[in-house]
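In what follows, a structure is listed as structure tokens, so that the remarks can point back to it.
Protein chains: 2
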Amino acid sequence: MLTEIAQTTRLAAQHLANLPTAAKNAAIEAIAKSLEDHAAEIVAANVTDCQAAEGEIAPALYARLKLDATKLNGAIIGVLDVAKLADPVGQMQIHREIDTGLIMQRVSCPVGVLGVIFEARPDAVIQIASLAIKSGNGVILKGGKEAIASCTALVKAIKIGLAQSQVNPDVIQLLTTRAETNELLKLDREIDLIIPRGSNEFVKYVQDNTRIPVLGHADGICHLYIDREADFDKAIAITIDSKTQYPAACNAIETLLIHRSIASKFLPIIIDRLQAHSVEVRLSELGHQILGNELHLTVDLAIATDWATEYSDLIIAIQIVPDLDAAITHINTYGSRHTDSIVTDNLTSAKVFIDQVDAANVFHNCSTRFSDGFRYGFGAEVGISTQKMPPRGPVGLEGLVTYKYQLSGNGHIAATYTGENAKPFTHRDL
Amino acid sequence: MLTEIAQTTRLAAQHLANLPTAAKNAAIEAIAKSLEDHAAEIVAANVTDCQAAEGEIAPALYARLKLDATKLNGAIIGVLDVAKLADPVGQMQIHREIDTGLIMQRVSCPVGVLGVIFEARPDAVIQIASLAIKSGNGVILKGGKEAIASCTALVKAIKIGLAQSQVNPDVIQLLTTRAETNELLKLDREIDLIIPRGSNEFVKYVQDNTRIPVLGHADGICHLYIDREADFDKAIAITIDSKTQYPAACNAIETLLIHRSIASKFLPIIIDRLQAHSVEVRLSELGHQILGNELHLTVDLAIATDWATEYSDLIIAIQIVPDLDAAITHINTYGSRHTDSIVTDNLTSAKVFIDQVDAANVFHNCSTRFSDGFRYGFGAEVGISTQKMPPRGPVGLEGLVTYKYQLSGNGHIAATYTGENAKPFTHRDL
Numbered sequence: 000m001l002t003e004i005a006q007t008t009r010l011a012a013q014h015l016a017n018l019p020t021a022a023k024n025a026a027i028e029a030i031a032k033s034l035e036d037h038a039a040e041i042v043a044a045n046v047t048d049c050q051a052a053e054g055e056i057a058p059a060l061y062a063r064l065k066l067d068a069t070k071l072n073g074a075i076i077g078v079l080d081v082a083k084l085a086d087p088v089g090q091m092q093i094h095r096e097i098d099t100g101l102i103m104q105r106v107s108c109p110v111g112v113l114g115v116i117f118e119a120r121p122d123a124v125i126q127i128a129s130l131a132i133k134s135g136n137g138v139i140l141k142g143g144k145e146a147i148a149s150c151t152a153l154v155k156a157i158k159i160g161l162a163q164s165q166v167n168p169d170v171i172q173l174l175t176t177r178a179e180t181n182e183l184l185k186l187d188r189e190i191d192l193i194i195p196r197g198s199n200e201f202v203k204y205v206q207d208n209t210r211i212p213v214l215g216h217a218d219g220i221c222h223l224y225i226d227r228e229a230d231f232d233k234a235i236a237i238t239i240d241s242k243t244q245y246p247a248a249c250n251a252i253e254t255l256l257i258h259r260s261i262a263s264k265f266l267p268i269i270i271d272r273l274q275a276h277s278v279e280v281r282l283s284e285l286g287h288q289i290l291g292n293e294l295h296l297t298v299d300l301a302i303a304t305d306w307a308t309e310y311s312d313l314i315i316a317i318q319i320v321p322d323l324d325a326a327i328t329h330i331n332t333y334g335s336r337h338t339d340s341i342v343t344d345n346l347t348s349a350k351v352f353i354d355q356v357d358a359a360n361v362f363h364n365c366s367t368r369f370s371d372g373f374r375y376g377f378g379a380e381v382g383i384s385t386q387k388m389p390p391r392g393p394v395g396l397e398g399l400v401t402y403k404y405q406l407s408g409n410g411h412i413a414a415t416y417t418g419e420n421a422k423p424f425t426h427r428d429l
Numbered sequence: 000m001l002t003e004i005a006q007t008t009r010l011a012a013q014h015l016a017n018l019p020t021a022a023k024n025a026a027i028e029a030i031a032k033s034l035e036d037h038a039a040e041i042v043a044a045n046v047t048d049c050q051a052a053e054g055e056i057a058p059a060l061y062a063r064l065k066l067d068a069t070k071l072n073g074a075i076i077g078v079l080d081v082a083k084l085a086d087p088v089g090q091m092q093i094h095r096e097i098d099t100g101l102i103m104q105r106v107s108c109p110v111g112v113l114g115v116i117f118e119a120r121p122d123a124v125i126q127i128a129s130l131a132i133k134s135g136n137g138v139i140l141k142g143g144k145e146a147i148a149s150c151t152a153l154v155k156a157i158k159i160g161l162a163q164s165q166v167n168p169d170v171i172q173l174l175t176t177r178a179e180t181n182e183l184l185k186l187d188r189e190i191d192l193i194i195p196r197g198s199n200e201f202v203k204y205v206q207d208n209t210r211i212p213v214l215g216h217a218d219g220i221c222h223l224y225i226d227r228e229a230d231f232d233k234a235i236a237i238t239i240d241s242k243t244q245y246p247a248a249c250n251a252i253e254t255l256l257i258h259r260s261i262a263s264k265f266l267p268i269i270i271d272r273l274q275a276h277s278v279e280v281r282l283s284e285l286g287h288q289i290l291g292n293e294l295h296l297t298v299d300l301a302i303a304t305d306w307a308t309e310y311s312d313l314i315i316a317i318q319i320v321p322d323l324d325a326a327i328t329h330i331n332t333y334g335s336r337h338t339d340s341i342v343t344d345n346l347t348s349a350k351v352f353i354d355q356v357d358a359a360n361v362f363h364n365c366s367t368r369f370s371d372g373f374r375y376g377f378g379a380e381v382g383i384s385t386q387k388m389p390p391r392g393p394v395g396l397e398g399l400v401t402y403k404y405q406l407s408g409n410g411h412i413a414a415t416y417t418g419e420n421a422k423p424f425t426h427r428d429l
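Residue numbers (numbering that gives the first Met the number 0), protein chains in the order written: chain S, 0 to 429; chain V, 0 to 429.
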């Protein structure tokens, strides 16, 4: 049953894959129009979901579930923004003559069919649908059970919009039961890429239960290292921003590392400032020793598990390190290869840090909060990947395309280029 | 134990990752020199392996196991070729001003530690070691049990060579027992990429038993489609080359598809030619009907399983299709997304085929045997990937690197760019 849905999606996606940019943009605009036309219906469906969920789910989740007219309007504007993005499909990446009349091109093309599994947030449907169509992919959506009515209304409106365009509405499908999630994760022949959106536990569950490539990240254990040669004003501003500007974000820091030689001076200042921002501080034993009696406020003792914990909250662990190498080792040991930053006025130290920290995003003298597709200028963010292989870090539309090698000849055969009288290749970039 | 080996490799690889190109090339040249110096030892070790394996393993495997002075010499020349390749590390892929004084760079960097598992072929050690060092990666090698003495002698010589260079010999490690393979596949924190080299079953086993990304492919079920508007001379030459030039290769064809309207004319010719090249033909029922009494030679009947079989031998399945769409559907149903080619003089049909066939390599009027890193001009081939996500198709050194986002500021914080008085980003490519 699900296999059939996936095959239907793939057939529709194969047609979409070869549509020109203008036709895809027209389809995206038709989606926006249909969402506007069905706004009242969508908001009403969301009210049903919210009423059923009230008191049943955590307040943060409830806030994400809610989709009122204002939020819907914002999402529709987001759809129109996707129409304005450059088309990631059809980019020629390599153009090379292999021999006279034998021409190779490497051209970007859609991945195929995406499986997107998300908790709560019904507006994710809107964003994902428009990004999928822009990149020429089919998409099978699986929303959280709290958002069934909202997602159903949204997908219905999107399909009505697509019916007015050259894109077959079958490119988008909605699943609603949890059993289908597990079934979806097994379809490694039918689904080309899984994008999970939700809690760390949820992403980890998805990663552990599928052979399909997963775009995303489970943990965001980010670090800020204050070097011996740090400017204190910058160090304070960057620490506060990296921790408090949005503590639930994956690119907020969890651990602050401080060079031993400045610790006695910097520690009391930064603890004071963090606590003024309501941040709970967990300080290592060495930190407590250095601080001695200087501290007027209570500070908890950091224990071993703190270095590997993503608080996603106004809590910070602080460790004192003897030197730059120790800071790098700490990060490479406990970090999640997401985002780590150094504050220093010494450019050599900055270079060593950037070269040796093994993370998707390595920063110097700026907040970790900048690691984000919009801030990087990608226009849209599909997710942030902490895998080593590309796409790594904040992923824009390019994460939804792959490429094909196309070779065009005139009867060319390999035998011509092998053996004793082998003809040499020209290998000339065009 | 294996975890410790992996961590030792990673530490050595971190140092290697930041060496300049000249130092890496010097290390590669030192490897070549040491292999020359230890040639007698290596060849003697291989004789031991070969004597133990004689009669115990298949002749094809035995041929791969054998490493005489000539073959070793060829492999050493290959090492020196790797020194000449462009350094894939340190390439700036994006250089962008996010705001005044806040500069983002996306720079290619090594993946980290490779796990390379291969059957028999000891010369793979030489090639992989040089490619790993050129791309700045550590490598843990696991050779087949038949090749233990050869691999041990080779790795010893390579480490002696590296000891004369700036590269820590710990970047290369050799494992020799099968138990270690399974342990290696579990180290998803320590190993960043697995490269299996061996039979389809072996690659499939690796893919099914690890969460680490795998570079490679299990099946190579490639197709050649002879269109209604095909030039017969080209069609014949390309069919013979694609099937017989090297039938054991993954990019050799297994199935020939022929357009219905030319089948009565083309079938007898191509069957005759294939049989003249000792190819066993398995023809579909429709093909037999079309052929009628025309055939002087015996042709087997193709059954359902033939369409999904990689013979890797002088056997071919032939199917008759009513039109181009049916050919594309057949390929997208039974193919392994490796390499598929169309022979036609109709450019529109060629374009439809190239656009709609879902494979890493899609060809027009040329042999499928061209899908190969050397033939594409990549200088070296790490493997051919049939995954949808990049790296896809023949993978050169670029498959052994990833990238980092580096952001450098002067105290920049995210709060400046959010809220009511948010400063806009400049997002200017430099």
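In this text, a Cβ means the ideal position worked out from N, Cα and C, and glycines have one as well.
Might you give, ordered along the chain, the residues of its own chain that have their beta carbon closer than 8 Å to the beta carbon of leucine 1 of chain S, omitting 5 neighbours on each side?
Your numbering for residue 1 of chain S matches position 2 in the first sequence. Excluding residues within five positions, the ones whose Cβ falls inside 8 Å are Leu174, Glu179, Glu182, Leu183, Leu186.
Could you tell me whether the Cβ of isoleucine 56 of chain S comes closer than 8 Å to any Cβ of chain V?
Taking the first sequence and counting its residues from 1, one reaches residue 56 of chain S at position 57. With 8 Å as the cut-off, isoleucine 56 of chain S does not count as an interface residue toward chain V.
With distance defined between alpha-carbon atoms, name the residue in S:Val351, S:Val342, S:Tyr61, S:Lys203 nearest to glutamate 145 of chain S.
Position 146 of the first sequence, counted from the first residue, corresponds to residue 145 of chain S. Nearest C-alpha to glutamate 145 of chain S: S:Tyr61.
Our contact map puts threonine 8 of chain S next to glutamine 172 of chain S with C-beta atoms below 8 Å; I'd like the distance itself, whole angstroms only.
As a first step, residue 8 of chain S must be located in the first sequence, where it is residue number 9. As a first step, residue 172 of chain S must be located in the first sequence, where it is residue number 173. Contact flag correct, Cβ pair sits at about 5 Å.
In terms of DSSP beta bridges, what is aspartate 322 of chain S paired with?
By one-based count along the first sequence, residue 322 of chain S stands at place 323. Per DSSP, none; premise fails for aspartate 322 of chain S.
Give the interface partners of tyrosine 333 of chain S over in chain V, defined as CB-CB distance under 9 Å, in chain order.
For this step, residue 333 of chain S is matched to residue 334 along the first sequence. Chain V residues near tyrosine 333 of chain S: none, gap ~12 Å exceeds 9 Å.
Residues from the stretch 258 to 288 of chain V in contact with chain S, defined by Cβ distance under 7 Å:
none
Check whether the Cβ of histidine 216 of chain V lies closer than 8 Å to any Cβ atom in chain S.
For the purposes of this step, residue 216 of chain V is taken as residue 217 along the second sequence, with counting starting at 1. No, histidine 216 of chain V lies away from the interface with chain S (no Cβ there is under 8 Å from its Cβ).
Does glycine 376 of chain S come out as helix, strand or coil in the three-state DSSP assignment?
Here residue 376 of chain S refers to the residue found at position 377 when the first sequence is read from its first residue. Note: glycine 376 of chain S maps to coil in three-state DSSP.
Just checking, does the stretch 373 to 381 of chain V make contact with the stretch 411 to 429 of chain S on the three C-beta pairs under 8 Å criterion?
yes
With H, G and I counted as helix, E and B as strand and the rest as coil, what does DSSP make of alanine 316 of chain S?
Along the first sequence, read from residue 1 onward, the residue named residue 316 of chain S stands at position 317. Residue state, collapsed to three classes: strand.
Could you list the residues in the stretch 360 to 381 of chain V with a C-beta less than 8 Å from some C-beta on chain S, going in chain order?
Listed by position, the residues of the stretch 360 to 381 of chain V near chain S (Cβ gap below 8 Å) are Asn360, Val361, Phe362, His363, Asn364, Cys365, Ser366, Arg368, Phe369, Ser370, Arg374, Tyr375, Gly376.
Given 8 Å, three or more beta-carbon pairs between the stretch 29 to 40 of chain S and the stretch 57 to 75 of chain S:
yes
Expected contact under 8 Å - CB spacing of serine 164 of chain S and alanine 26 of chain S to nearest Å:
Residue mapping note: residue 164 of chain S aligns to position 165 of the first sequence, counting from 1. Residue mapping note: residue 26 of chain S aligns to position 27 of the first sequence, counting from 1. Contact flag correct, Cβ pair sits at about 4 Å.
Using the Cβ count rule (16 or more neighbours within 10 Å means buried), how would you classify lysine 346 of chain S?
For the purposes of this step, residue 346 of chain S is taken as residue 347 along the first sequence, with counting starting at 1. Note that residue 346 of chain S corresponds to leucine in the displayed sequence, not to lysine. Classification for leucine 346 of chain S: exposed.
If the cut is a Cβ gap below 8 Å, which residues of chain S does phenylalanine 424 of chain V touch?
Residue numbering aside, residue 424 of chain V sits at position 425 when the second sequence is read from its first letter. What phenylalanine 424 of chain V touches in chain S: Arg374, Gly376.
Give me the Cα-Cα distance between isoleucine 330 of chain V and isoleucine 147 of chain V, rounded to the nearest whole angstrom.
The sequence position of residue 330 of chain V within the second sequence is 331, counting from 1. The sequence position of residue 147 of chain V within the second sequence is 148, counting from 1. Approximately 41 Å between the Cα atoms of the pair.
List, in order along the chain, the chain V residues whose C-beta lies closer than 7 Å to that of threonine 401 of chain S?
Walking along the first sequence from the start, residue 401 of chain S turns up at place 402. Correct list: Lys387, Met388, Pro389, Arg391.
Got a sec: which bits of the stretch 110 to 122 of chain S sit with their beta carbon under 7 Å from any beta carbon on chain V, in order along the chain?
Val110, Gly111
Closer than 8 Å to chain V by CB, aspartate 357 of chain S:
On the first sequence, position 358 is the one that residue 357 of chain S refers to. At least one chain V Cβ lies under 8 Å of aspartate 357 of chain S.
Comparing alpha-carbon positions, which option in S:Gln318, S:Val400, S:Asp86, S:Met91 lies nearest tyrosine 224 of chain S?
Taking the first residue of the first sequence as position 1, residue 224 of chain S is located at position 225. That would be S:Gln318, whose Cα lies nearest to the Cα of tyrosine 224 of chain S.
Residues bridged to asparagine 360 of chain S [DSSP beta-bridge criterion]:
If you number the first sequence from 1, residue 360 of chain S lands on position 361. Per DSSP, S:Thr338, V:Tyr404.
Under the rule that 16 or more other beta-carbon atoms within 10 Å means buried, what is arginine 120 of chain S, buried or exposed?
To locate residue 120 of chain S, count along the first sequence from 1; it is residue 121. With 16 or more other Cβ atoms within 10 Å, it is buried.
What residues from chain S crowd round asparagine 17 of chain V, counting only those whose CB sits closer than 8 Å?
The residue given as residue 17 of chain V occupies position 18 in the second sequence. Per Cβ cutoff of 8 Å: Asp354, Gln355.
Contact belief for valine 381 of chain S with leucine 130 of chain S at Cβ below 8 Å, rounded distance in angstroms
Within the first sequence, residue 381 of chain S is the residue found at index 382, counting from 1. Within the first sequence, residue 130 of chain S is the residue found at index 131, counting from 1. Their Cβ separation, rounded to whole angstroms, is 6 Å, which keeps valine 381 of chain S and leucine 130 of chain S in contact under 8 Å.
Where do the N-terminal and C-terminal ends of the alpha helix (DSSP H) with glutamine 274 of chain V fall, by residue?
Position 275 of the second sequence, counted from the start, is the residue given in the question as residue 274 of chain V. That run of the alpha helix (DSSP H) goes 259 to 275.
Say whether chain V places a C-beta atom closer than 8 Å to the C-beta of lysine 233 of chain S.
Sequence index remark: in the first sequence, residue 233 of chain S carries index 234 (1-based). It does: the Cβ of lysine 233 of chain S has a partner Cβ on chain V nearer than 8 Å.
Could you give the C-beta distance for asparagine 360 of chain S and glycine 392 of chain S, rounded to a whole number, given that I count them as a contact under 8 Å?
Here residue 360 of chain S refers to the residue found at position 361 of the first sequence. Here residue 392 of chain S refers to the residue found at position 393 of the first sequence. Indeed, because the Cβ distance is near 5 Å, the residues count as touching under 8 Å.
Along the chain, where does the alpha helix (DSSP H) that runs through leucine 1 of chain S open and close?
Your numbering for residue 1 of chain S matches position 2 in the first sequence. For leucine 1 of chain S, the enclosing alpha helix (DSSP H) stretches over residues 1 to 16.
Does any C-beta atom of chain S lie closer than 8 Å to the C-beta of arginine 188 of chain V?
One-based indexing of the second sequence puts residue 188 of chain V at position 189. False, the Cβ-Cβ gap to chain S never drops below 8 Å.
For the 8 Å Cβ check, are there 3 or more pairs between the stretch 10 to 24 of chain V and the stretch 42 to 60 of chain V?
no
Show which residues of chain S have a CB atom less than 9 Å away from the CB atom of proline 212 of chain V.
Here the question's residue 212 of chain V lines up with position 213 in the second sequence. In chain order: Pro212, Gln386, Lys387, Met388.
Per DSSP, the bridge partner or partners of threonine 304 of chain V
Working through the second sequence from its first residue, we reach residue 304 of chain V at position 305. Partner(s): none; threonine 304 of chain V has no beta bridge.
Which same chain residues end up closer than 8 Å to serine 134 of chain S when comparing Cβ atoms and leaving out the 5 residues on each side of it in sequence?
Position 135 of the first sequence, counted from the first residue, corresponds to residue 134 of chain S. Same-chain partners within the cutoff: Pro87, Val88, Pro109, Val110, Leu396, Leu399, Val400.
Against chain S, with Cβ distances strictly below 8 Å, would serine 407 of chain V count as a contact?
Translated into the one-based positions of the second sequence, residue 407 of chain V becomes position 408. Taking Cβ atoms only, chain S reaches closer than 8 Å to serine 407 of chain V, which makes this a yes.
Would you mind listing the beta strand (DSSP E) stretches within the stretch 165 to 245 of chain V that are 3+ residues and don't spill past its ends, in chain order?
171 to 174, 192 to 196, 221 to 225
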